[in-house]
Amino acid sequence: MTASPKICYFAGVLTFFGQFLVGYTVDVLSLEGVEWINSLQSTWQAEFKYPRTAPALVQNSMIPESDDTQGEIAELEFPINGRKEEDPGWISTVPNRFDARNYKPWKRCRRIISYVPDQGPSEFVGYASAVAAAASDRLCIHTRGRVRLPLSAQNILACCHNCGAYDNVYGGSQYNSWAFLTVGIPSGGGFSPRIGCQPYEMQPCQHFDISGDREKCSVARIDKAKCQNRCTNSKYTKSYSEDLRKVQSFEWLSTNETNIFQEIMTYGPVTAGFDFYEDFISYKKGVYKHIGGRYITHHKVKVIGWGIEKGEPYWLCINSWNKDWGLHGLFKISRNNAKVNFEYSFSAGWF
Ligand SMILES: *[C@@H]1O[C@H](CO)[C@@H](O)[C@H](O)[C@H]1NC(C)=O
Numbered sequence: 000m001t002a003s004p005k006i007c008y009f010a011g012v013l014t015f016f017g018q019f020l021v022g023y024t025v026d027v028l029s030l031e032g033v034e035w036i037n038s039l040q041s042t043w044q045a046e047f048k049y050p051r052t053a054p055a056l057v058q059n060s061m062i063p064e065s066d067d068t069q070g071e072i073a074e075l076e077f078p079i080n081g082r083k084e085e086d087p088g089w090i091s092t093v094p095n096r097f098d099a100r101n102y103k104p105w106k107r108c109r110r111i112i113s114y115v116p117d118q119g120p121s122e123f124v125g126y127a128s129a130v131a132a133a134a135s136d137r138l139c140i141h142t143r144g145r146v147r148l149p150l151s152a153q154n155i156l157a158c159c160h161n162c163g164a165y166d167n168v169y170g171g172s173q174y175n176s177w178a179f180l181t182v183g184i185p186s187g188g189g190f191s192p193r194i195g196c197q198p199y200e201m202q203p204c205q206h207f208d209i210s211g212d213r214e215k216c217s218v219a220r221i222d223k224a225k226c227q228n229r230c231t232n233s234k235y236t237k238s239y240s241e242d243l244r245k246v247q248s249f250e251w252l253s254t255n256e257t258n259i260f261q262e263i264m265t266y267g268p269v270t271a272g273f274d275f276y277e278d279f280i281s282y283k284k285g286v287y288k289h290i291g292g293r294y295i296t297h298h299k300v301k302v303i304g305w306g307i308e309k310g311e312p313y314w315l316c317i318n319s320w321n322k323d324w325g326l327h328g329l330f331k332i333s334r335n336n337a338k339v340n341f342e343y344s345f346s347a348g349w350f
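Position 96, counted from 1, in the sequence shown is what numbering that gives the first Met the number 0 calls 95; the numbers after and before it change by one each time, with no gaps.
Dropping the structure here:
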């Protein structure tokens, strides 16, 4: 039996308007929401992970304690050297795709560069993981692979008070974190194994996927980060003050893509920030562009490369939500207006 043309027409009209209706009311974290995202575009694929838990996200906020001395960076003066384009080592010719993990001259730094951190149960502290990771890469690259130690995200989190998470919404400042590195931070890896002077104190957790083995981030306990000027890893033999590493300068980068490519290829990965909306949670693969959902916070990540996929130019980034999110912890985001203000938000520091 065939439906009458009238009924088909009516159904068509309903579907047509239904799309707009869904656009306004859809819960992008629901199964329908994920299907809606996937039906609207083909540059990236969303994956259904869990029912909405955004209220829990906001509950899970953390304000670092502010009763110590090391965080007083606001009054210092910082050298701003510019992007060192006069450097004879400056790489001016860049390829149209690049992945720092596979770049031959940096093969001694490969493990450091490839590391996917887990920022723990607070959604507002990605800046510390991102800046610490990019700085570790840059230190390794700067020393031609001689210093292969992660720098401490814990120290940035606990000791830099104008770095972030203060209003539980803004998501922390990559720029002030780089500035803080001119004062110096010690070494320190993730929660486990405990590597370096001040390893991360927050446990890895299951970020946006209830199917995994770890405790869900939304219910995990958050302890306030406490600034310490000693090595908290008893197995680490250097003293805290001996262990501090400093950048010489730091800066917001130009918004010129080519210059950012050159910067990354010359000195290593950089950090970038963007508006983090709910649809980003369901990212599985492809080149992300914002489609819908509620705004959560301003998130920061490490940028390790670029490329073009199915005609869509992208930045290649390492997130701090462990390896079971996205592309084994990584994601690609459009260089052709991802609608999250990614293009104006790059920064870096130089050893
Ligand atoms: C971006 O930088 C490159 C290299 O310095 C330069 O050749 C190009 O003209 C710049 N593009 C824009 C739009 O400024």
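Here a beta-carbon is modelled for each residue, glycine too, at the ideal position from N, C-alpha and C.
Cβ separation of residue i and residue j, assumed to be a contact under 8 Å, to the nearest whole Å
| i | j | result |
| --- | --- | --- |
| residue 185 | residue 138 | With a Cβ gap of about 12 Å, residue 185 and residue 138 do not count as contacting. |
| residue 207 | residue 280 | 5 Å |
| residue 44 | residue 284 | 5 Å |
| residue 224 | residue 288 | With a Cβ gap of about 34 Å, residue 224 and residue 288 do not count as contacting. |
| residue 296 | residue 170 | 4 Å |
| residue 204 | residue 213 | 5 Å |
| residue 136 | residue 108 | 6 Å |
| residue 254 | residue 89 | Not a contact, Cβ separation roughly 18 Å. |
| residue 307 | residue 96 | 7 Å |
| residue 273 | residue 298 | 6 Å |
| residue 176 | residue 155 | 5 Å |
| residue 115 | residue 317 | 6 Å |
Beta-carbon spacing of residue i, residue j below 9 Å
| i | j | result |
| --- | --- | --- |
| residue 397 | residue 153 | Given a span of 0 to 350 for the chain in the structure shown, any question on residue 397 remains unanswerable. |
| residue 271 | residue 300 | yes |
| residue 313 | residue 291 | no |
| residue 235 | residue 46 | no |
| residue 198 | residue 151 | yes |
| residue 128 | residue 319 | yes |
| residue 112 | residue 131 | no |
| residue 353 | residue 194 | One cannot answer for residue 353 here, as it falls past the ends of the chain, which runs 0 to 350. |
| residue 334 | residue 256 | yes |
| residue 210 | residue 349 | no |
| residue 260 | residue 93 | yes |
| residue 190 | residue 159 | no |
| residue 323 | residue 27 | no |
| residue 216 | residue 120 | yes |
| residue 262 | residue 347 | yes |
| residue 321 | residue 310 | no |
| residue 196 | residue 142 | no |
| residue 42 | residue 339 | no |
| residue 157 | residue 122 | no |
Residue i - containing alpha helix (DSSP H), residue span
| i | result |
| --- | --- |
| residue 141 | 125 to 141 |
| residue 256 | 256 to 266 |
| residue 176 | 173 to 179 |
| residue 32 | 30 to 39 |
| residue 152 | 152 to 158 |
Opposing strand residues paired with residue i [DSSP bridges]
| i | result |
| --- | --- |
| residue 316 | 302 and 330 |
| residue 184 | 244 |
| residue 285 | 43 |
| residue 270 | 301 and 346 |
| residue 277 | Residue 277 pairs with nothing; no bridge assigned. |
| residue 98 | 304 |
| residue 205 | 215 |
| residue 250 | 347 |
| residue 117 | 320 |
| residue 294 | 276 |
| residue 311 | 308 |
Please write down, chain order preserved, every residue whose beta carbon lies under 6 Å from a heavy atom of ligand 1.
Residue list for ligand 1: 255, 257 and 258 (CB closer than 6 Å to any heavy atom, chain order).
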